[in-house]
Structure formats: structure tokens, C-alpha cells
Amino acid sequence: MMQLIQLVQLKGNFMIQPMEMITESKTILLIDDDDIIRRLVQICLESFANWRIKVATSGREGLIAIAKAKPDAILLDMMMPEMDGFDFIDRLNVEHEIASIPIVAMTACTNLINYQSFIDLGCKGIISKPFEPITLIPKITKILNW
Amino acid sequence: MNSTSIDLNSVIKILLVDDSEDDRATYMRYLRSEKIYSYHFLEAGTLEEGLNLWRSQHPDIVLIDYFLPDGEGWELLAAMGEGELIPKLAAIILTGHEGDEQRILQAMRLGASDYLIKGEITAMSLCNRVGQVRDRLMIARQLERSQQQEIVVSKISLQVRQYLGLDEISNAIVQEIRSFLNADRSVIYKFNPDMSGLVVAESILPPWESCLHRQLSDEYFPENIGGEYRNGRIFVAPDVYQANLSECHLEMLEQFPTRASLIVPILRSNNQDNPLWGLLCTYQCFEPRLWDESDIRLLQQLSVQFAIALQQGELYHNLQISNAELENRVAERTAELFKRQQEFIALVENSPNVILRLDLQMRHLYINSAAESRSGVPVAAFLGKTFRELGFPKKNVDLAETVFKELLATGQKQQYEIEFTSPTGYDAYYQVENIPEYDLDGEIATVLMVYTDITANKLNEIALTEVNRRLTEVNRRWQSLLDNVRLIVVGLNRDGFVEYANPFFLDSAGYQLEEVIGKHWFSNFLPQIEQEKVIGDFSDSLLNLDHFNKYYQNSIVTKTGEERMIAWNNTILRNQDEEFIGTMSIGEDITEKLKVERIKSEFISIASHELRTPLASIRGALGLLASGVLDNKPEIAKNMLNIAASDTERLVRLVNDILDLERLESNNVNLNRQWTDMGDLCQQAMDTMQALAAESQIQIRYNPRSQQIFVDRDRLIQTLVNLLSNAIKFSPPHSEVNIETETLSDQVIFRVRDRGRGIPESNLESIFERFNQVDASDSRQKGGTGLGLAICRSIVQQHGGKIWIESVVSEGSTVSFSIPYRIT
Chain A
5 MMQLIQLVQL
15 KGNFMIQPME
25 MITESKTILL
35 IDDDDIIRRL
45 VQICLESFAN
55 WRIKVATSGR
65 EGLIAIAKAK
75 PDAILLDMMM
85 PEMDGFDFID
95 RLNVEHEIAS
105 IPIVAMTACT
115 NLINYQSFID
125 LGCKGIISKP
135 FEPITLIPKI
145 TKILNW
Chain B
5 MNSTSIDLNS
15 VIKILLVDDS
25 EDDRATYMRY
35 LRSEKIYSYH
45 FLEAGTLEEG
55 LNLWRSQHPD
65 IVLIDYFLPD
75 GEGWELLAAM
85 GEGELIPKLA
95 AIILTGHEGD
105 EQRILQAMRL
115 GASDYLIKGE
125 ITAMSLCNRV
135 GQVRDRLMIA
145 RQLERSQQQE
155 IVVSKISLQV
165 RQYLGLDEIS
175 NAIVQEIRSF
185 LNADRSVIYK
195 FNPDMSGLVV
205 AESILPPWES
215 CLHRQLSDEY
225 FPENIGGEYR
235 NGRIFVAPDV
245 YQANLSECHL
255 EMLEQFPTRA
265 SLIVPILRSN
275 NQDNPLWGLL
285 CTYQCFEPRL
295 WDESDIRLLQ
305 QLSVQFAIAL
315 QQGELYHNLQ
325 ISNAELENRV
335 AERTAELFKR
345 QQEFIALVEN
355 SPNVILRLDL
365 QMRHLYINSA
375 AESRSGVPVA
385 AFLGKTFREL
395 GFPKKNVDLA
405 ETVFKELLAT
415 GQKQQYEIEF
425 TSPTGYDAYY
435 QVENIPEYDL
445 DGEIATVLMV
455 YTDITANKLN
465 EIALTEVNRR
475 LTEVNRRWQS
485 LLDNVRLIVV
495 GLNRDGFVEY
505 ANPFFLDSAG
515 YQLEEVIGKH
525 WFSNFLPQIE
535 QEKVIGDFSD
545 SLLNLDHFNK
555 YYQNSIVTKT
565 GEERMIAWNN
575 TILRNQDEEF
585 IGTMSIGEDI
595 TEKLKVERIK
605 SEFISIASHE
615 LRTPLASIRG
625 ALGLLASGVL
635 DNKPEIAKNM
645 LNIAASDTER
655 LVRLVNDILD
665 LERLESNNVN
675 LNRQWTDMGD
685 LCQQAMDTMQ
695 ALAAESQIQI
705 RYNPRSQQIF
715 VDRDRLIQTL
725 VNLLSNAIKF
735 SPPHSEVNIE
745 TETLSDQVIF
755 RVRDRGRGIP
765 ESNLESIFER
775 FNQVDASDSR
785 QKGGTGLGLA
795 ICRSIVQQHG
805 GKIWIESVVS
815 EGSTVSFSIP
825 YRIT
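Right, dumping it as C-alpha cells:
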């Protein structure tokens with residue numbers, strides 16, 4: 005456990021620099037079934053950037069939330085019960101109006117094949133779990149070219 | 005041919021023997037009064053004179069006066085009767101007295117024809133008596149002459165029948181004619197086709213000049229005369245100068261010369277177109293001659309005989325030619341046969357085959373030289389001996405005798421094989437052929453045996469048999485391999501039709517052999533959707549055999565319509581000329597393998613997700629704490645620490661469960677079985693879970709039942725705890741969870757019943773699969789790993805039992821498992 009923390013600290017120190025640059029206010033829709041992950045991501049994004057976070061616990065909830073929240077981007081967990089990330093994207097693509105919202109996939113199982121398949125689906129990029137909280141924002145801004 | 009022939013036409017000579025000159029003159033005067041006949045008279049006065057004239061002049065009729073100066077008439081008659089040359093007596097006795105009967109009788113006995121009484125003789129009586137004698141004489145002469153003529157014809161006919169040569173017969177005929185007819189010349193004249201001709205035979209009285217071989221021009225024979233001759237016309241000319249002949253004809257006749265001629269044609273009856281062969285001619289050269297009818301008949305008869313001789317000659321000639329031809333042919337044939345025989349003997353003697361001829365007692369009549377070299381027995385020693393007597397190996401002799409008997413019984417050619425080692429040690433195989441030879445009665449006379457050395461063939465055959473045996477063995481092995489290999493083997497011809505399918509394919513795909521062989525593989529055994537692509541790939545491969553698609557994957561359709569994915573290893577089949585004849589493909593059914601791989605891949609995907617999620621939490625929480633953003637938020641910081649701690653625990657559980665399940669499913673766990681009371685097991689599980697149950701305000705109920713079972717105690721408690729844990733987690737507060745046990749004859753059943761929310765029917769089947777919770781969020785909320793039921797199932801299966809779940813949504817679920825007393 006100690007080793008893990010030290011590693012995180014080392015990386016954390018290295019990555020602190022960019023977060024202070026994020027000032028533009030963005031609305032992010034976070035869709036994840038895991039409470040803890042959701043909360044962690046929310047804390048990370050709200051702590052290091054001036055972003056507003058809307059959450060949904062499933063793809064279905066996410067579809068409803070999009071209309072309300074009008075997010076600038078969607079942070080999407082791919083592995084969820086009921087409507088998973090793939091189904092969600094399919095549905096999103098059907099509705100042209102909101103299809104232009106960029107999606108960043110979050111997944112615990114990543115490999116090259118999956119990566120390519122996500123890109124093929126229309127995702128802008130992938131953030132793999134587990135992730136380093138302080139690198140989350142730089143990763144997202146880099147993927148979305150913000 | 006010098007016999008005296010009778011000349012019918014000559015003048016009758018009458019000898020008058022009388023001592024009275026007056027009487028003689030009177031008689032002559034009387035006889036000269038005869039109008040029809042004219043006589044030539046000879047006169048004698050004495051017996052002696054009469055006898056001399058008789059002997060020298062051969063008179064036809066004699067008138068004898070009985071009383072003569074030097075003897076009596078009977079003495080003359082007696083003397084005239086002596087000697088060969090005397091023809092039949094034609095004598096009339098003249099006597100002086102009537103009633104002198106004794107003398108008359110004596111004279112008649114001695115051959116006198118008649119008598120006259122002197123003094124009573126008148127011209128009329130004399131002429132009558134002489135005429136009667138003359139007539140008798142003429143008749144006798146004619147008879148004699150025709151007899152002679154018959155003899156001549158018979159003689160010639162005999163010669164003809166004796167097949168004498170034509171020249172000989174020709175000469176005999178002309179000779180006989182001339183002599184018999186007292187002619188000057190007699191010839192046979194032969195016509196050429198142009199009516200010219202040649203004298204081919206001649207008989208001539210000297211001093212007349214011979215005309216034999218004289219050639220006569222056709223102008224002497226005008227067409228009309230030839231034609232007349234052809235019709236059988238006879239040319240009779242007593243005097244050619246009186247015959248109204250043409251100048252030309254006379255000129256020709258004068259060449260010979262000719263005064264009287266008798267000519268008959270020689271006609272061949274066997275030649276209808278030109279029957280006239282030639283002429284048979286007889287001539288008087290100087291004097292005219294009245295030709296008698298008998299003369300003509302004689303010539304006609306002889307011309308017929310000559311014609312017969314001619315035909316005979318032709319036939320004989322033809323026969324001789326035929327005979328000569330026949331003889332030539334016989335000679336040629338004989339020569340040929342001799343040559344053949346020589347060749348045949350040479351062939352037989354130089355033949356490498358042993359050739360024998362045996363009599364019916366199997367004694368050798370003939371053997372060729374090969375027999376000697378092959379057997380080491382001299383040729384001479386063979387002859388007259390049987391195989392047995394020659395001491396050949398018993399096995400061979402027995403066989404030879406058996407076959408020989410068979411041949412005699414059936415008359416059929418026999419064939420068999422023997423093995424024979426020559427004295428020089430040459431070990432040989434022979435094919436023996438026994439051939440019956442028949443005599444003219446159709447009976448078997450001898451038997452020909454021909455031994456052909458077939459050693460080389462035999463050795464080849466033996467080698468071939470061995471090769472075949474090995475080949476068969478190899479084939480059998482291959483066949484066995486193909487029949488028993490747990491791989492699909494399919495052979496296609498170049499057009500894609502099935503030529504071979506092994507039993508494994510038939511078994512696994514559910515087809516009968518006849519449903520497969522001869523069928524087009526791609527259209528019958530591939531899913532519709534894949535056909536076009538696979539046919540295309542197959543065709544493309546065949547276009548460039550060097551880049552043949554050795555490895556290939558496609559689905560096949562079983563009889564039941566199920567699709568199976570097959571990984572093929574294809575081989576090109578070629579014939580001896582290296583021409584492509586088809587393919588042989590070995591296929592592995594990788595459907596299950598793919599499924600396992602897919603499941604494995606899914607499991608890895610899920611497992612990594614399950615592992616990474618708590619890791620993500622831990623890292624995220626610790627990362628936040630480390631970043632210092634929570635320094636002023638101690639509540640959140642503490643919360644983060646709790647998250648990290650709880651997810652660390654969860655991670656540990658998860659890792660433990662994964663490893664546990666992996667061990668169970670890989671059969672690496674040895675159950676530690678012992679006799680245990682099932683009531684104790686339930687009690688212990690219940691005790692373990694009591695705290696959690698109390699915390700959730702759940703009541704666990706169990707009615708203990710005692711039963712010894714042979715199980716791994718810890719594993720079974722683990723199972724029960726797991727099930728209880730699930731039941732508690734999903735039960736609403738203040739509800740009950742029941743443990744029930746049931747003892748059956750062969751097994752015990754455990755049940756854990758809750759009154760929770762229940763499980764939708766669609767999820768019941770997969771509930772025991774790994775990470776297959778009804779709701780993924782449950783794992784986080786309820787603290788499960790998603791592996792519990794999978795572990796339970798594995799433990800129960802290890803004990804030989806089954807696990808199942810019954811559930812009604814909103815009413816609760818019951819998970820049951822059975823443990824058999826005996827493990828099979």
C-alpha cells in the first residue's frame with residue numbers, strides 16, 4: 005500500500021503543473037454505474053478544473069441527462085449493466101442532434117483491439133482504469149483538444 | 005498288216021480243167037454270154053496243169069472234168085484242199101454219166117459245190133450253176149471281208165483303247181486302210197484354223213512319192229467344201245477327172261498324184277464350234293476305182309475311232325498336264341513341308357523350353373535338347389522311360405501323373421507350375437503345359453509337354469506380392485488412421501465433388517456416406533452465406549497451385565443444420581503425371597475451441613474489469629489524498645481512505661476467489677473427504693453467518709437432521725456460507741433465511757431459501773457463471789465478487805452432485821444442491 009501511494013505521489017508531483025491552466029468552464033456528463041468511481045471522478049474533475057459535472061448511473065439515465073445538461077463532452081464507462089457504453093453510443097448516433105457531442109470512453113479492460121474498436125465507434129479517445137486522478141483532466145483536454 | 009484282203013471288185017477268175025479243148029471253148033462261150041458278170045478264164049488240160057494254175061493264179065471258181073488224162077477229178081479236188089492258202093473251194097464237177105452217184109458223192113465230200121452232167125450242159129444251166137456258186141462265193145467273200153474289216157476296226161479300236169500315242173494310231177490307221185483297201189496311198193490330213201493344213205500320217209505303196217508332212221495351202225479348200233466336210237460330207241471320187249472338180253482342186257490332187265479318192269472328215273464331237281479336225285483320205289494314184297460302200301464304212305468307222313483317239317489324246321494330254329501340275333504341287337508341298345519340318349525341328353531343338361512327347365503310359369517318345377541341359381539327364385536316357393523311372397523328385401512326378409490322368413480323362417489341355425532344381429543347382433520355376441495330340445480316329449495318341457521357365461516372372465511375382473502386401477499394409481494403416489482419427493478428412497475432386505469422407509466427419513456431422521460421396525462439397529455442406537467466398541477462394545487456389553491455400557477456415561453445416569467452424573489443412577492430390585486431380589483436406593472442429601477462447605477472452609475482459617475497478621478506486625482515492633486537494637477537507641479525505649481500504653479488501657477477496665475458482669475448475673484441488681454429519685455442517689455455516697445475519701436483521705432457521713456424509717467438510721461449509729451470504733444480502737430486513745436438508749436413498753439435498761427480490765427467469769441459467777450477477781452494481785453494494793455461485797457449483801460438481809436455483813421474482817429464491825453418498 006505504501007509503495008502504491010509513493011508511486012502516485014511521484015507521478016502526482018510531475019503532473020501538477022497543467023491543472024492550473026484549466027479555467028474555461030465546461031459541462032461534462034459522467035456516465036458510470038460504479039458509485040465510488042463516479043464520486044472519485046467527480047471530485048477529481050471539480051477539484052482540478054472549473055468544470056461542471058453531471059452524473060448518470062447507466063446509459064439509459066445518460067441519454068435522458070444529455071437533453072437536460074447539454075454537456076460539452078461525455079465521459080462514458082463502457083462496462084455497465086443494462087445499457088452499456090456500446091449500446092449508448094449506438095443510441096446516441098441515432099439522434100443526430102446530439103451525436104456531435106464528443107465522447108471519451110472509460111474502461112477497465114483495454115487492449116489494442118478494444119482501443120481501435122472504440123475509435124471506430126466514434127469515441128474521441130480512451131481513459132483506462134485505474135487512472136491517476138491528477139492526470140485525468142490533462143488527458144481529457146488532450147483527447148478533446150481543448 | 006499283210007493279210008490277204010478280198011477284193012470284191014476284182015474280176016471273177018474261172019479255172020477250166022478239161023482235157024477237151026472244144027469243151028473248154030464251149031463252156032467259155034456259154035459263160036461269156038452272161039450279161040451281168042464278166043469272167044476271166046484260165047485253162048488247163050491236165051490235172052497237173054490245173055493244180056499249178058490253182059496254186060499260182062488263185063481262181064475263184066474251178067470247173068473240173070472228172071476224168072482227166074493224168075488222174076480223176078477227185079484227186080485234183082483233194083490236192084486243192086491241201087495247204088493254207090486255199091480258200092473255200094468253189095468247184096463244180098463235170099461228169100460224163102448220169103447215175104454215177106458214187107463219184108459225185110465223193111467229189112462233194114471233197115468240197116465240190118455242185119456238179120453238171122456232160123452232154124446235158126447248156127449255156128443257161130452252166131451260167132446258172134456258175135452264177136449260184138459265184139453268188140455263194142461273193143456272199144462268203146463279202147462276209148469274210150466285212151469280218152476282216154471288223155477285225156481292222158477292232159484292232160484300231162483296241163489300239164485307241166490302249167491309249168497308244170496319236171502318231172502311232174494315225175500310222176496304224178493309214179496303214180490298215182491302204183492295205184485293206186488295196187489303195188495306193190492313204191493319209192491323215194490335219195487342218196489348221198485357217199483351213200490350211202498338213203499331212204500328218206501316210207501309208208504309201210511304192211513307188212509313189214510320199215507326201216508326208218506336206219503343207220497344203222487353204223486355197224485348195226474353199227470355205228464351202230470345209231463347211232460340207234464339217235457337216236459330215238464324204239467325198240467319193242472313182243475318177244477325179246469325172247468329178248466336176250475345179251481346176252484348182254485338180255491341180256492340188258495332181259500333186260500327189262490322184263486318180264480316185266475317198267475322203268471322210270475327222271470330226272471331233274467334243275468341239276461344237278469347230279468339229280472338223282482333219283480328213284482321212286485314201287487314193288488310187290493312177291487308176292480309177294469304184295469305191296465300195298464297205299470301203300466308205302471302214303473309213304467312216306476309222307475316222308470315228310481316230311476322233312475318239314483324238315479326244316482321248318486331248319483328255320490324256322490334259323490329264324497329263326493336270327498330273328504334272330499335281331505332281332509339281334505335291335513336290336513343292338513336300339519340299340515346303342520338309343523345310344517346315346526342318347525349321348520346326350530347329351525351333352524345337354533350339355527352344356529354351358523343354359519339350360517332350362509322351363505316350364499314354366507317360367513314356368518319353370521325344371525330348372528336345374533343352375530337356376537334357378535343364379535336367380542333366382542325357383536325351384537318350386529319357387527315351388522309353390517315365391518320369392518315375394528316371395527318378396525325378398516325387399512331388400513333381402506325383403503332380404505330373406495326376407495332371408496327366410486329368411488330361412486323359414477330359415481330353416483338355418492342362419497347365420500347372422512346378423519348382424525344379426537342376427543338377428547344377430539352378431532353382432527354377434516352370435509353367436508346364438500338357439497338350440493332347442490326337443490320331444486320325446480322334447483318340448489321344450500322344451501328349452506334348454512344354455516346360456516354360458517362368459523363374460524370372462515368378463520371382464517378380466513373389467516380389468510383387470511382397471510389395472503388394474506392404475502396400476496393402478500401408479494402405480490399411482492409412483485407412484485405419486483415416487477411419488479412426490478424430491479429425492475430419494474430406495477428399496474432393498478437381499471440380500469440388502466429394503470423393504472421400506472419413507467416418508469421423510460422418511459421425512460428427514451426422515451424415516450417411518451415400519449422402520456425401522459424389523455431392524458438391526461447397527453447395528451442400530457449407531452455410532449459404534459462406535459458399536460464394538469459399539468457392540471463389542478454392543477456384544483462385546487452383547488457378548495457381550504453387551500458391552495453394554494450405555490453411556483455411558470455414559464453417560460446415562451438419563445434418564441437423566448446426567454450423568461448425570473447421571480449421572482445414574489442405575493438400576493437393578496429383579496423379580503420376582503430376583496433374584492436379586483433387587484435394588485432401590484434414591479439418592479440426594474448432595467450434596468448441598473458439599467458444600472456449602471467446603469465454604476465456606470474455607472472462608479476462610470481465611476479470612480485468614472487476615480487478616481494475618477497485619484498483620481504480622484505490623488509486624483514485626489515494627491519488628486525491630496525495631495531491632493535497634483534500635487537505636482542507638478532512639471528511640472527504642477520511643472517506644477516501646475508507647474507499648481505499650474497503651476496495652483493497654474487495655480486491656483481495658476477488659483475487660482469492662479467482663484463484664480458488666481457478667484451482668477448483670482446473671481440478672487441481674484434492675478434496676479432503678471425511679465422514680461428517682450434515683447437521684453439523686449446516687450448524688457451523690449458520691454460526692459463521694450469524695453475525696452478518698443479525699446485522700441485516702435476518703433470522704436464519706435450521707431444523708437439524710443428522711446424516712453422515714463423506715465430503716470435504718471445509719468446502720461444503722464454504723458452499724453453505726456462500727449461499728447463506730447471498731441469501732442474507734438479498735433478503736429484506738426482518739425476513740427469514742432457511743436451511744433445509746433432505747435425505748434420499750442415494751443422496752442428500754441441501755436447500756437455502758430466502759425471501760428476497762427473486763431472480764428474473766432469463767437470468768436463472770447463467771446465475772452460476774462467473775461474474776454473472778443479476779446486477780453488476782450488486783457486487784459493489786453487496787460486497788460480492790461475482791464468483792461465489794461459480795465456486796459453489798464447482799465444489800458441488802467435485803462431489804459428484806448438482807446445484808440449481810428456483811426463484812419467483814419478489815417472493816424469493818431457493819438454491820439447492822445434492823451430494824450423492826457414493827461418488828461415481
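From first to last, the protein sequence lines are chains A and B. Residue numbers for the first sequence follow our numbering, beginning at 5 and rising by one. Residue numbers for the second sequence follow our numbering, beginning at 5 and rising by one. No residue lacks a Cβ here, since even glycine has one placed at the ideal position from N, Cα and C. Quick caveat, the model's predicted, so the values are computed rather than measured.
* Asked: Would the C-beta of B:ILE68 count as close to the ligand COA, meaning under 6 Å from any of its heavy atoms?
  -> With respect to the ligand COA, the structure offers nothing, as it holds no ligand at all.
Straight-line CA distance for B:ASN438 to B:GLU470? Residue numbering aside, residue 438 of chain B sits at position 434 when the second sequence is read from its first letter. Residue numbering aside, residue 470 of chain B sits at position 466 when the second sequence is read from its first letter. Between B:ASN438 and B:GLU470, the C-alpha separation is close to 30 Å.
Open item on the list: Please identify the residue among A:ILE138, A:GLU136, A:GLY126, A:PHE135 whose C-alpha is closest to the C-alpha of A:LEU148.
Closed with: By one-based count along the first sequence, residue 148 of chain A stands at place 144. Residue A:GLY126 is the option with its Cα nearest to A:LEU148.
Those runs of the alpha helix (DSSP H) which lie wholly inside the region 62-136 of chain B and span at least 4 residues = 77-84, 105-113
ask   = What does B:ASP651 reach in chain A if we use C-beta pairs closer than 8 Å?
value = If you number the second sequence from 1, residue 651 of chain B lands on position 647. Per Cβ cutoff of 8 Å: ILE40.
_Between B:GLN532, B:ARG602, B:TYR455, B:GLU447, which has its C-alpha nearest B:GLN435's C-alpha?_
For the purposes of this step, residue 435 of chain B is taken as residue 431 along the second sequence, with counting starting at 1. B:GLN435 has its Cα closest to that of B:TYR455, out of B:GLN532, B:ARG602, B:TYR455, B:GLU447.
DSSP three-state assignment for A:ILE123, whether helix, strand or coil: For this step, residue 123 of chain A is matched to residue 119 along the first sequence. Helix.
Collapsed DSSP secondary structure at B:LEU387 in the structure displayed = In the second sequence, counting from the first residue as 1, residue 387 of chain B sits at position 383. Of the three classes helix, strand and coil, the one that applies to B:LEU387 here is strand, per DSSP.
| With 16 other CB atoms within 10 Å as the buried threshold, where does B:SER307 fall? | The residue labelled residue 307 of chain B in the question sits at position 303 within the second sequence. The residue is buried, with at least 16 neighbouring Cβ atoms inside 10 Å.
From the DSSP output, read off the bridge partner residues of B:ASP541. As a first step, residue 541 of chain B is located in the second sequence; it is residue number 537 there, counting from the start. Answer is none; B:ASP541 lacks a bridge partner.
Item to check | Minimum Cβ-Cβ distance from B:ARG623 to chain A less than 7 Å | outcome: Start at 1 with the first residue of the second sequence, and residue 623 of chain B comes out as number 619. By this cut-off, B:ARG623 is an interface position.
Worksheet item: Per the contact definition of three or more C-beta pairs closer than 8 Å, is the region 416-428 of chain B in contact with the region 398-408 of chain B?
Response: yes
ask   = Between which two residues does the alpha helix (DSSP H) containing B:ILE1 stretch?
value = Only positions 5 to 828 of chain B appear in the structure, and residue 1 of chain B is not among them; the question remains open.
For A:ASP76 and A:ILE123, what's the separation of their Cα atoms in angstroms? For the purposes of this step, residue 76 of chain A is identified with residue 72 of the first sequence, where counting begins at 1. For the purposes of this step, residue 123 of chain A is identified with residue 119 of the first sequence, where counting begins at 1. Spanning the two alpha carbons is a distance of roughly 19 Å.
Practice problem: Report the residue ranges of all alpha helix (DSSP H) runs contained in full by the region 20-84 of chain A; include only those spanning at least 4 residues, in chain order. | Solution: 39-52, 63-73
Would you kindly check if the distance between the Cβ of A:ALA60 and the Cβ of A:ALA53 is under 7 Å?
By 1-based counting over the first sequence, the position of residue 53 of chain A is 49. By 1-based counting over the first sequence, the position of residue 60 of chain A is 56. Contact: no.
| Exposed or buried, what is B:CYS252 when buried is set at 16 or more other beta-carbons lying within 10 Å of its beta-carbon? | The sequence position of residue 252 of chain B within the second sequence is 248, counting from 1. So B:CYS252 ends up on the exposed side.
| message | Excluding the 5 residues flanking A:ILE93 on each side, which residues of the same chain have their C-beta closer than 7 Å to its C-beta? | response | Taking the first residue of the first sequence as 1, we reach residue 93 of chain A at position 89. Only ILE107, LEU125, GLY126 meet the Cβ criterion.
Review point. A:LYS143 touches chain B at which residues, Cβ-Cβ below 8 Å?
Key: As a first step, residue 143 of chain A must be located in the first sequence, where it is residue number 139. Under the 8 Å cutoff, chain B gives no residues; its nearest Cβ is about 13 Å from A:LYS143.
So, do the region 174-184 of chain B and the region 155-166 of chain B have three or more beta carbon pairs nearer to each other than 8 Å?
-> yes
- [ ] Could you check the C-alpha separation between B:GLY282 and B:GLN61 for me, to the nearest Å?
- [x] Within the second sequence, numbered from 1, the residue matching residue 282 of chain B stands at position 278. Within the second sequence, numbered from 1, the residue matching residue 61 of chain B stands at position 57. Looking at the two C-alpha atoms, the distance is approximately 40 Å.
Using a Cβ-Cβ cut-off of 7 Å (strictly less than) and excluding sequence neighbours within five positions of B:LYS3, which residues of its own chain qualify? It is not possible to answer for residue 3 of chain B, since the shown part of chain B is limited to 5 through 828.
Mind checking whether B:VAL191 and B:CYS131 have CB atoms under 7 Å apart?
Indexing the second sequence from 1 puts residue 191 of chain B at position 187. Indexing the second sequence from 1 puts residue 131 of chain B at position 127. Contact flag unset, no.
- Task: Look at B:ARG826 and B:ALA794 and say whether their C-beta atoms are less than 7 Å apart.
- Result: Here residue 826 of chain B is taken as the residue at index 822 of the second sequence, counted from 1. Here residue 794 of chain B is taken as the residue at index 790 of the second sequence, counted from 1. Not in contact: B:ARG826 and B:ALA794 (Cβ atoms no closer than 7 Å).
Endpoints, beta strand (DSSP E) assigned at B:GLN435:
Taking the second sequence and counting its residues from 1, one reaches residue 435 of chain B at position 431. Per DSSP, B:GLN435 belongs to the beta strand (DSSP E) from 431-442.
| The alpha helix (DSSP H) enclosing B:HIS321, as first and last residue numbers | Here residue 321 of chain B is taken as the residue at index 317 of the second sequence, counted from 1. That run of the alpha helix (DSSP H) goes 297-354.
- Give me the Cα-Cα distance between B:ASN100 and B:ILE65, rounded to the nearest whole angstrom. Here residue 100 of chain B refers to the residue found at position 96 when the second sequence is read from its first residue. Here residue 65 of chain B refers to the residue found at position 61 when the second sequence is read from its first residue. Per the sequence shown, the amino acid found at residue 100 of chain B is Gly instead of Asn. Looking at the two C-alpha atoms, the distance is approximately 20 Å.
- Just to confirm, are B:GLN309 and B:VAL203 a CB contact at a threshold of 7 Å? Residue 309 of chain B sits at position 305 when you count from the first residue of the second sequence. Residue 203 of chain B sits at position 199 when you count from the first residue of the second sequence. For B:GLN309 and B:VAL203, no; Cβs fall outside 7 Å.
**Prompt:** Which bits of chain A does B:LEU628 rub up against, with CB to CB less than 9 Å?
**Reply:** Counting from 1 along the second sequence, the entry for residue 628 of chain B is found at position 624. The contacting residues are LEU44, ILE47, CYS48, SER51, PRO137, ILE138.
**Asked** B:VAL401: which of B:SER207, B:ALA385, B:PHE424 sits nearest, CA to CA?
**Response** Within the second sequence, numbered from 1, the residue matching residue 401 of chain B stands at position 397. If we check each option's Cα against that of B:VAL401, B:PHE424 comes out closest.
Start-to-end residues for the alpha helix (DSSP H) that takes in B:HIS613 = Translated into positions along the second sequence, residue 613 of chain B becomes position 609. Unbroken alpha helix (DSSP H) run through B:HIS613: 595-631.
**Message:** Here's the rule: buried if 16 or more other CB atoms are within 10 angstroms of the residue's CB, otherwise exposed. What is B:TYR380?
**Reply:** As a first step, residue 380 of chain B must be located in the second sequence, where it is residue number 376. Position check: residue 380 of chain B holds Gly in this sequence, whereas Tyr was assumed. Label assigned to B:GLY380: exposed.
Measure the C-alpha to C-alpha separation of A:ASP36 and A:LYS58 and round it to an integer number of angstroms. For the purposes of this step, residue 36 of chain A is identified with residue 32 of the first sequence, where counting begins at 1. For the purposes of this step, residue 58 of chain A is identified with residue 54 of the first sequence, where counting begins at 1. The alpha-carbon atoms of A:ASP36 and A:LYS58 are separated by roughly 11 Å.
Notebook entry, point to check: How many Å lie between B:ASN322 and B:PRO242 at the Cα?
Noted result: As a first step, residue 322 of chain B must be located in the second sequence, where it is residue number 318. As a first step, residue 242 of chain B must be located in the second sequence, where it is residue number 238. Cα-Cα distance, rounded: 41 Å.
(message) By the three-class DSSP mapping on this structure, what secondary structure does B:ARG36 have?
(response) Mapped onto the second sequence, residue 36 of chain B falls at position 32. Helix, per DSSP.
*asked:* Am I right that B:LEU626 and B:LEU634 are in contact with their C-beta atoms under 8 Å? What's the rounded C-beta distance?
replied: Looking up residue 626 of chain B in the second sequence gives position 622. Looking up residue 634 of chain B in the second sequence gives position 630. Between B:LEU634 and B:LEU626 the Cβ distance is about 11 Å, and since that is not below 8 Å, they are no contact.
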